[in-house]
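Visitor: Let me begin by handing over the structure; questions about it come next.
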Amino acid sequence: MADYVLARKSRNIASSAVHVLLNILLGMGAVLLTVFSGNPALGIILVLMSKWRVFAVRSRYLLINIKSNLVDIIVGLSIVMLTYYSSIARTFDQPLDFVYMGVYMAIYIVWLLFIKPMSSEKANLVQSLIAVFLGVSASILISATLDPIVSVFLAFLVGYAACRHVLVQTEEENFGLTTLVCGLVFAEVAWLSHSWEIIYSFGDSGIRIPQCAIILTIFAFVYNYARQAMVRYREDFRFKDIVGPIIFAVLLIGIIVIFFSRPAFNIY
C-alpha cells in the first residue's frame, strides 16, 4: 500500500512537472514563432493547437466548449498579435529588443501557470479584466490594417466573453441578455472611438496601449461591481450603493480623455 501511494505521488509530481513545462514551452513558442517568422499565423496556430481538447468533441458540444474557453483563447491570441505589432519595426540586433520580447513571454507564461488555473469569483473577474485589456488592445491595432467592422466585432466578442466568464460562475441562470448587452456596449465604444483612436507608446519599446482598452477595462470593472450590488441587495438596492465607484470611474475616464488624448502614436 505504501508503495502504491508513493508511486501515485511520483506520477502526480511528474505529470505536474510536464504540465508546467508544456505551458512554459507554449508561452515561449507562441512569442518566438511570431517574432522570427515575422507573421502572427504560426503563433496563432500554436495557441489554437494547445486548445485541441476544445475542438475534439461532438459538434453539439463544440459551441459550448468554445464559449467556455473564449477568455483563455482571447488572451493567447492577443499576446501573439501584440507581439507581432511590437516586433514589426525591430531588427533584434540590440539586447533590449530581446528584453521586450521576453516581457510578452513572461506575461503569457504567468497567465498560463498562475492566473488561468484560479477559479474563485475574484479570480474570474481578474481573468476577465485581463482579457478585456489585452483583447481590446489587439483588436484596435488590428483595425489599423483591416476594415473597422473587424475591430467592432472583435470588441463585441471580448465584451461578451469577459461578461460570460464572470456570470457563468454565479448562481444566475439566465444571463444571455446581460452578456449580449455588455458585448454591444463594447462594440459601440469601439465604433465611436474608431475615428480618433489614441494609442500610447513607450519610447522604443514597441509596446502600444490603446486608450479604448483602458476605458473599457474600467467600464468592465464598474459594470461587474454594479451587477454584484444589484444581486446582493435585490429589492433593497439603491443607486447610492454604486454611486461611489461610478463617479470615480467617470472622473478617471474624464481625466484620461481630457488630459491624455494627445497621442504619442496614432494609427490613423
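Numbering (the numbering used here), first residue to last: 5 to 272. For every residue, glycine included, the Cβ atom is placed at its ideal position computed from N, Cα and C.
#1: What does the alpha-carbon distance come out to for the pair Pro335 and Ser41?
#2: Less than 8 Å separating the beta-carbons of Ser82 and Gly139?
#3: Taking the alpha-carbon positions, what's the Ala268 to Ile119 distance?
#4: So for Ser91, helix, strand or coil by DSSP?
#5: So the beta strand (DSSP E) Ser205 belongs to, where does it begin and stop?
#6: Whole angstroms is fine: what's the gap from Thr174's alpha carbon to Thr221's?
#7: Does the count of Cβ pairs from the stretch 185-193 and the stretch 158-172 closer than 8 Å reach three?
#8: Buried or exposed: which applies to Met85, given that a residue is buried once 16 or more other Cβ atoms fall within 10 Å of its Cβ?
#9: For Ala6, does the count of other Cβ atoms within 10 angstroms reach 16, so buried, or fall short, so exposed?
#10: With burial defined as no fewer than 16 other Cβ atoms inside 10 Å of the residue's Cβ, what is the status of Ile202: buried or exposed?
#11: Along the chain, which unbroken stretches of the alpha helix (DSSP H) at least 4 residues long are found entirely within the stretch 168-229?
#12: Is it the case that the Cβ atoms of Ile213 and Tyr204 are separated by a distance below 8 Å?
#13: Count the other CB atoms within 10 Å of the CB of Ser265; is the residue buried (16 or more) or exposed (fewer)?
#14: On the criterion of 16 or more Cβ atoms from any shown chain inside 10 Å, does Thr183 qualify as buried, or is it exposed?
#15: Along the chain, where does the alpha helix (DSSP H) containing Ser132 start, and where does it finish?
#16: What's the call for Pro121, buried or exposed, on a 16-neighbour Cβ count within 10 Å?
#17: Is Asn69 helix, strand or coil by DSSP?
#18: Are Asn27 and Ile134 closer than 8 Å when you measure CB to CB?
#19: Under a Cβ-count criterion, where at least 16 other Cβ atoms within 10 Å of its own Cβ denotes burial, should Arg62 be classed as buried or exposed?
#20: Give the DSSP-derived three-state secondary structure of Leu10 in the structure shown.
#21: Between Ile260 and Ala21, what straight-line distance do the alpha-carbon atoms span, to the nearest angstrom?
Guide: The structure says:
#1: Since the first residue shown for the chain is 5 and the last is 272, residue 335 is missing from the structure and cannot be characterised.
#2: Translated into the one-based positions of the sequence shown, residue 82 becomes position 78. Translated into the one-based positions of the sequence shown, residue 139 becomes position 135. Contact flag set, yes.
#3: The count along the sequence shown starts at 1 and reaches residue 268 at position 264. The count along the sequence shown starts at 1 and reaches residue 119 at position 115. Below a pLDDT of 50, predicted positions are generally treated as unreliable, and Ala268, at 46, falls in that range; no measurement from the model is reported.
#4: For the purposes of this step, residue 91 is taken as the residue at position 87 of the sequence shown. Here Ser91 sits in helix by DSSP.
#5: Mapped onto the sequence shown, residue 205 falls at position 201. Segment 203-205, the beta strand (DSSP E) holding Ser205.
#6: Stepping through the sequence shown from its first residue, residue 174 is reached at position 170. Stepping through the sequence shown from its first residue, residue 221 is reached at position 217. Taking C-alpha positions only, Thr174 is separated from Thr221 by approximately 21 Å.
#7: yes
#8: Translated into the one-based positions of the sequence shown, residue 85 becomes position 81. Met85 comes out buried.
#9: Position 2 of the sequence shown holds residue 6. The predicted model places Ala6 with a pLDDT of 49, which falls under 50 and marks its position as unreliable, so this point remains unresolved.
#10: On the sequence shown, residue 202 is found 198 positions in, with the first residue counted as 1. Buried, by the Cβ-count rule.
#11: DSSP runs (the alpha helix (DSSP H)) wholly in the stretch 168-229: 180-197.
#12: Here residue 213 is taken as the residue at index 209 of the sequence shown, counted from 1. Here residue 204 is taken as the residue at index 200 of the sequence shown, counted from 1. It is a contact, given that the beta carbons lie within the stated cut-off.
#13: Counted from its first residue, the sequence shown places residue 265 at position 261. That one is exposed.
#14: Locating residue 183 in the sequence shown gives position 179, where the first residue counts as 1. Buried, since its Cβ has 16 or more Cβ neighbours within 10 Å.
#15: Along the sequence shown, one-based indexing puts residue 132 at 128. Counting along the chain, the alpha helix (DSSP H) containing Ser132 begins and ends at 125-146.
#16: For this step, residue 121 is matched to residue 117 along the sequence shown. Its Cβ having fewer than 16 others within 10 Å, Pro121 is exposed.
#17: Here residue 69 refers to the residue found at position 65 when the sequence shown is read from its first residue. Reduced to three states, the DSSP call for Asn69 is helix.
#18: Start at 1 with the first residue of the sequence shown, and residue 27 comes out as number 23. Start at 1 with the first residue of the sequence shown, and residue 134 comes out as number 130. No. Outside cutoff.
#19: Working through the sequence shown from its first residue, we reach residue 62 at position 58. When all chains shown are included, Arg62 counts as exposed.
#20: By one-based count along the sequence shown, residue 10 stands at place 6. Unreliable positioning characterises Leu10 in this predicted model, as indicated by a pLDDT of 48, which lies under 50. A coordinate reading is not provided.
#21: Counted from its first residue, the sequence shown places residue 260 at position 256. Counted from its first residue, the sequence shown places residue 21 at position 17. Distance between the alpha carbons of Ile260 and Ala21: 44 Å.
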